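Asks:
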Amino acid sequence: MPAAPRRRVSPLPAGRGWLPGVLRVPSPNCDARPAGCGVELVVLHGIAVPPGDFDPAGVAALFANRPPLPALRGLRVSAHFLIDRAGGVVQFVSCARRAWHAGESSWRRRPACNDYSLGIELSGSDRRPYAPAQYRALGRLLDRLTAAYPSIRAVVGHCHVAPGRKTDPGPRFDWDALYARIGAGYDGRPADA
12 MPAAPRRRVS PLPAGRGWLP GVLRVPSPNC DARPAGCGVE LVVLHGIAVP
62 PGDFDPAGVA ALFANRPPLP ALRGLRVSAH FLIDRAGGVV QFVSCARRAW
112 HAGESSWRRR PACNDYSLGI ELSGSDRRPY APAQYRALGR LLDRLTAAYP
162 SIRAVVGHCH VAPGRKTDPG PRFDWDALYA RIGAGYDGRP ADA
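Take 12 as the starting number for the sequence shown in my numbering and just add one per residue.
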């Protein structure tokens, strides 16, 4: 399991969970974390709404329950953050609350990852490499999150917490580059080991 980096950076204000200096677009698709659940995990996702369209406006509409595609109507999902292709960061849910991003999931045999994780969406797909600006922004965001939440013990993909059901952030995601940037690594054990 990766060790969380311990860098001194500007963390989140205690208790509020909103990142200063980041665009806020609050989503109604969240609720309180269960009593006693802190933030221990970061789950990375890839998203394009509609498929192949990396404009963050589609994601914002989906998270606001105004999806651009009829097939997505009624879907109630969110994530804490979105990083667009240019490295811009948008926050949809306070880190103090539970976003609805991982669905049916488990990490190290512990179910319900939404209860104890933060979800970060990256504009992208399994078919295209992510942009260098996204890796830089992700590294900076993880620096701030791990400073604010020293309880974070791992950064993993949706594919790791929902294997067989989800593939994102996909095979084009450069895990080695991310782990080199944050000074941590994934030990390679399967999600339920």
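Ideal Cβ placement from N, Cα and C applies to all residues, glycine included.
The model shown is predicted, which means the values in this text are computed figures rather than measured ones.
(1) May I have the straight-line CA-CA distance separating L30 from G69, to the nearest angstrom?
(2) Would the beta-carbon of H56 fall within 8 Å of that of D179?
(3) Grab me the residues of R200's own chain with a C-beta within less than 7 Å of its C-beta, minus the 5 sequence neighbours each way, in chain order.
(4) Leaving out five residues before and five after V100 in sequence, what residues of the same chain have Cβ atoms less than 8 Å from its Cβ?
(5) In its own chain, which residues sit with a C-beta less than 6 Å from the C-beta of R19, not counting the 5 before and 5 after it?
(6) According to DSSP, is I193 helix, strand or coil?
(7) Taking only three categories from DSSP, how would you classify A110?
(8) Could you give the distance in angstroms between the alpha-carbon of M12 and the alpha-carbon of S128?
(9) What residue range is occupied by the uninterrupted beta strand (DSSP E) comprising F92?
(10) With a threshold of 8 Å on Cβ separation, who are the neighbours of R108 within its own chain once the five nearest residues in sequence on each side are excluded?
(11) For S116 and A173, which I take to be in contact (beta-carbon distance under 8 Å), what is that distance rounded to the nearest angstrom?
(12) With C-beta atoms as the reference, is D11 less than 8 Å away from P79?
Replies: On the basis of the supplied data:
(1) Taking the Cα positions, L30 is about 22 Å away from G69.
(2) In contact: H56 and D179 (Cβ atoms closer than 8 Å).
(3) The predicted position of R200 is uncertain, since its pLDDT is 46 and thus under 50; no value can be drawn from it.
(4) Hits under 8 Å: L30, V33, L34, F92, L93, I94, A148 and L152.
(5) Because R19 sits at a pLDDT of 41, beneath the cut-off of 50, its placement in the model cannot be relied upon, and the point is left open.
(6) helix
(7) strand
(8) The predicted model places M12 with a pLDDT of 38, which falls under 50 and marks its position as unreliable; any figure quoted below should be read in that light. Cα to Cα, the separation comes out at about 15 Å.
(9) F92 to I94
(10) Here the set comprises G28, C41, D42, A43 and R44.
(11) 5 Å
(12) Lying before the first or after the last residue shown, residue 11 is absent from the chain, which here runs from 12 to 204.
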